[in-house]
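Numbering (my numbering), first residue to last: 674 to 1313.
Backbone N, C-alpha and C define an ideal beta-carbon position, used for all residues, glycine too.
Fair warning: this is a prediction, and the values are worked out from it, not measured in the lab.
Down below is the structure, laid out as structure tokens.
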Amino acid sequence: MRSWKSNHISSTLTLILYLITILHHEVNHSHAQTQTQNNNTGYTCSTNQSNYPCQAYAFYRATSPNFLDLASIGDLFSVSRVMISNPSNISSPSSSLVPDQPLFVPLTCGCNTINNTFGAISYANMSYIIKPNDTFFLVSTIQYQNLTTFPSVEVVNPSIVPTNISIGESVIFPIFCKCPEKNNTTQFQNMITYVVQPSDNISSIASMFGSQEQSIRDVNGNDFQVYDPVFVPVTQLPVLSQPSVVPSPPPPATATASDDDRTGTVRGLGIGLGVTGFLLILVTGFWVYREVLLKGRVWLVRDEENQKKQKNNMYMGGKEGKGNKERDLNLMANVSDCLDKYRVFGFDELLDATDGFDESCLIQGSVYKGEIDGEVYAIKKMKWNAYEELKILQKVNHGNMVKLEGFCIDEEETDCYLVYEYVENGSLYSWLHEDRKEKLNWRTRLRIAIDIANGLQYIHEHTRPRVVHKDIKSSNILLDANMRAKIANFGLAKSGMNAITMHIVGTQGYIAPEYLADGVVSTKNDVFSFGVVLLELVSGKEAIDDKGNLLWVSALRTFEVDNEQEKGRRLKEWLDKDILRETCSMESLMGVLDIAIACLNKDPSKRPSIMDIVYALCKSEYTGFDISYEGIDSPRVMAR
């Protein structure tokens, strides 16, 4: 018994020490940003600098309890596990980490124009989804470990009120970074963002990264404060020293071996196992009771409904009533595990919201607009089992995905209704191919392309298992009030990679050749479809014309030339006329076209990864708006 008591006391002390450590960590970080970085809104840069954008790195430490694996850290920085493991000298991307284990996280560093007051700031754009109890201050100090500051977050997100952020809202956190100067006598290849620790000085920082003290001073000046980010220029990344094997928790301390202690240990273990077994039986019994009760209620409701329907279906020998009951039961069982994750709307609520699903509320296909409790929703009516779509939607939570708010099951007709956030500006298809007075300029089109790519990167790289959308097309891309893109309609989505199917689904004009021919499902299917959407954004043409000609086939034939000047001439003829009326960089247009052509490679293994696509599109965005007066025949500028 003494042994059991001592173990209990030891566990309690461990918990208290852990809480003290967390509190100490938050107090230190709070003091850092409140005292030394209260006015730090970022590091200025010039958009004319040719060294932007660039590949930079952040020095990050694994922390308990949420960031002790590369997957969670990769999600935080929107990069894959491999992109962290390679520069961090970690042999396996699936390895567990230990607290304070050092990592190099790659950043795409850009010079971003904020407004006329702040000018341009050098940072890497991180999209973060707000969780319960999050604030700008806590996320920047705890999750991002002072690699950014809350004043900078406020500046980069001017439309968001810091004291009124909503759970699930997407916020940009600017991770401070810098690109090496290209005209230095010493050609530094990389710049590392490092947060100064209390025990650091400039000499120790230089020694840690194999840099020179004067080089660090040249970039940052001489005024270093604790928890300030500093930029460390290096000719090459140093090799981080990593533990060869992640240590296992230390064994509990044992007292001196005596008969009394051994007896107490055995008794304590027996009591613990007995209590655990009793609780397990209790929980199992409750679960069985709940399931039986739920199914009993479902059967009772379905039996009452079937008795009513049988009176009207006697000529069918009762078969329809039996089929409906089985179908209803299967649907209810399939979505039972979603009941606590989403709001369950009443069917009467949906009827009132849509005037009985009147055509005046119809948005497109089987999607209706409806208002419930003052909130506008998009309500999707489905005639089939919604379990697969619900299962996938539970995995995705990203600012470039249309958010599922809840669902409803019509017990009378066994229909399922998925209730989504309402996205105000409709589909990309309607903006590109329908008659509108307003037209999309090139800057907006390029931003839309980056949003779509970011959404695809999330489902391809950061879901487990990976998700293939299988129906990326302009009508499934919705635009919100700020003209930011969200991917919609996961009805055909598939979890898992490299599956083979005989049931080919999708939209003609967007389907990848290998999927159409052999039924091979992979993320490269979505890359191909995204390439077609890029062609739509550049040309304004539909994916398939009235004569059945495919846009991607036409593009490959048109641009299969090695001469860049000839390719540029053909592009001017092929461009959407609305783009020709504005001033934008030919380099940017050619860059996006080259990305689209690469995505359309008939060999899926030769198509770029979605990570490469995001980086290339961001580079095109940075080069897209160099104001010039060289005229329309310039190799760089498409002039008005």
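Do you know offhand how far residue 1229's Cα is from residue 1208's?
Answer to the nearest angstrom: the Cα atoms are 11 Å apart.
Can you list, in chain order, the residues of its chain whose CB lies under 6 Å from that of residue 1294, leaving out five sequence neighbours each side?
1119, listed in sequence order.
When you compare only the Cα positions, how much space is there between residue 895 and residue 902?
Near 13 Å, if we compare the C-alpha coordinates of residue 902 and residue 895.
Using 8 Å as the Cβ pair cut-off and three pairs as the minimum, do the stretch 814–823 and the stretch 725–737 touch?
Yes: the two stretches touch, three or more of their Cβ pairs being nearer than 8 Å.
Exposed or buried, what is residue 1038 when buried is set at 16 or more other beta-carbons lying within 10 Å of its beta-carbon?
Exposed is the label assigned to residue 1038, since fewer than 16 other Cβ atoms lie within 10 Å of its Cβ.
Look at residue 1146 and residue 1167 and say whether their C-beta atoms are less than 8 Å apart.
no
At what residues does the beta strand (DSSP E) containing residue 743 begin and finish?
Segment 743–750 is the alpha helix (DSSP H) holding residue 743; no beta strand (DSSP E) there.
Which word fits residue 1023, buried or exposed, when buried means at least 16 other C-beta atoms lie within 10 angstroms of its C-beta?
buried
With a threshold of 6 Å on Cβ separation, who are the neighbours of residue 1269 within its own chain once the five nearest residues in sequence on each side are excluded?
1204, 1207 and 1208
In or out: residue 996 buried (at least 16 other Cβ within 10 Å) or exposed?
The predicted position of residue 996 is uncertain, since its pLDDT is 45 and thus under 50; no value can be drawn from it.
Shortest alpha-carbon distance to residue 1100 belongs to which of 1045, 1148, 1284 and 1193?
The option with the nearest alpha carbon to residue 1100 is 1148.
Which two residues bound the contiguous alpha helix (DSSP H) that contains residue 1204?
1196–1212
Measuring alpha carbon to alpha carbon, tell me which of 1124, 1089 and 844 ends up nearest residue 1161.
Residue 1161 has its Cα closest to that of 1124, out of 1124, 1089 and 844.
Alpha carbon to alpha carbon, how far is residue 1225 from residue 1138?
30 Å
Whether or not the stretch 765–779 and the stretch 801–814 are in contact is what I'm after, with contact meaning three or more pairs of Cβ atoms, one per stretch, closer than 8 Å; do they touch?
Per the Cβ contact rule, the stretch 801–814 is not in contact with the stretch 765–779 (fewer than 3 Cβ pairs under 8 Å).
Suppose you measure from the CA of residue 743 to the CA of residue 802; what does that come to, to the nearest Å?
Distance between the alpha carbons of residue 743 and residue 802 is about 18 Å.
Which of the three DSSP states is assigned to residue 1122 in this structure?
Correct three-state label for residue 1122: helix.
List, from N- to C-terminal side, the beta strand (DSSP E) runs of 3 residues or more that fit wholly inside the stretch 1060–1113.
1077–1083 and 1088–1094
Can residue 1131 and residue 1092 be called in contact, C-beta distance under 8 Å?
At least 8 Å separates the beta-carbon of residue 1131 from that of residue 1092.
What runs of the alpha helix (DSSP H), each 4 residues or longer, lie entirely inside the stretch 1138–1201?
1186–1191
List in chain order: all unbroken alpha helix (DSSP H) runs of 4+ residues lying wholly within the stretch 790–853.
823–829
Just verifying my parser: in three-state terms, what is the DSSP assignment at residue 780?
Residue 780 falls in the strand class under three-state DSSP.
Can you tell me the Cα-Cα spacing of residue 833 and residue 1072, whole angstroms?
14 Å
Using the Cβ count rule (16 or more neighbours within 10 Å means buried), how would you classify residue 1190?
An exposed status is given to residue 1190, since fewer than 16 other beta-carbon atoms sit within 10 Å of its beta-carbon.
For the pair the stretch 743–763 and the stretch 776–787, tell me if three or more CB-CB distances fall below 8 Å.
yes
For the putative contact between residue 1265 and residue 1126, defined by C-beta atoms under 8 Å, what is the C-beta separation to the nearest angstrom?
Not quite, the Cβ-Cβ distance comes to about 11 Å (not below 8 Å), so this is no contact.
Which residue wins for smallest C-alpha separation from residue 783, given the options 1234, 1263 and 799?
799
Report, in whole angstroms, the separation of the C-beta atoms of residue 1095 and residue 1055, which I expect to be a contact under 8 Å.
Contact doesn't hold; Cβ gap of about 18 Å is too wide.
Between residue 1075 and residue 1197, which are expected to be in contact by the criterion C-beta below 8 Å, what is the C-beta distance as a whole number of angstroms?
Incorrect: roughly 23 Å between the Cβ atoms, too far for contact.
How about residue 724 and residue 854: are their beta carbons less than 8 Å apart?
yes
Taking DSSP's pairing of strands, which residues face residue 1037 in a bridge?
Under the DSSP definition of a beta bridge, residue 1037 partners with 1040.
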